[in-house]
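Below is the structure:
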């Protein structure tokens, strides 16, 4: 049994829309689902396969730019920037370490709770004050705090 090309485009659109609901909230898969609907429309208008693919590509670009110009697109940009900014929130903070584990890891008290921490490359595993130089997931990456110049 052979499936009509229009039905294939509709199935692709449905799969992308469902994936957007399950995975997402970014609306980019929804843009692709709408583009797949343009492919189904091209089939109904009698376009050959190349025309269908061109319709999908043009629709994807068009819907992408429409999304970027809407309030929703600006909200998505802001949330992405907020997420990137939050990664740097802890960098530069100081934490105290009483003793390091043999694997270069430790639990430290920071911002009112216990955090996993690990030594940055080249840092010395000694007790004292350390500075957060990066985040590796939920783990603080610590480097020795430079001694004040005398």
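Numbering (this note's numbering), first residue to last: 12 to 161.
Positions of the beta carbon are idealized from the N, C-alpha and C atoms, including for glycine.
Predicted model, so just to flag it, every value in this text is computed and none were measured.
Answer with buried or exposed for residue i, where buried requires no fewer than 16 other C-beta atoms within 10 angstroms of its C-beta.
i: residue 152; result: buried
i: residue 100; result: exposed
i: residue 34; result: exposed
i: residue 45; result: buried
i: residue 41; result: buried
i: residue 49; result: buried
Suppose the cutoff is 6 Å on Cβ atoms and the five residues either side in sequence are ignored; what does the same chain contact list for residue i look like?
i: residue 150; result: 127 and 129
i: residue 116; result: 129
In the DSSP assignment, what residue or residues form a beta bridge with residue i?
i: residue 154; result: 142
i: residue 108; result: 139
Once the 5 residues before and after residue i are set aside, which same chain residues still bring their CB inside 8 Å of it?
i: residue 118; result: 125, 126, 127 and 128
i: residue 139; result: 107, 108, 155 and 156
If you draw a straight line from the alpha carbon of residue i to that of residue j, how long is it in whole angstroms?
i: residue 155; j: residue 136; result: 8 Å
i: residue 75; j: residue 56; result: 23 Å
i: residue 14; j: residue 143; result: 58 Å
i: residue 104; j: residue 141; result: 8 Å
i: residue 64; j: residue 102; result: 46 Å
i: residue 68; j: residue 32; result: 22 Å
Excluding the 5 residues preceding and the 5 following residue i in the sequence, name in chain order all residues of the same chain whose CB lies nearer than 7 Å to its CB.
i: residue 21; result: 51
i: residue 23; result: 47
Practice task
Go through the segment 112-148 residue by residue and report every complete run of the alpha helix (DSSP H) that reaches 4 residues or more, in order.
Solution key: Segments of the alpha helix (DSSP H) lying fully in the segment 112-148: there are none.
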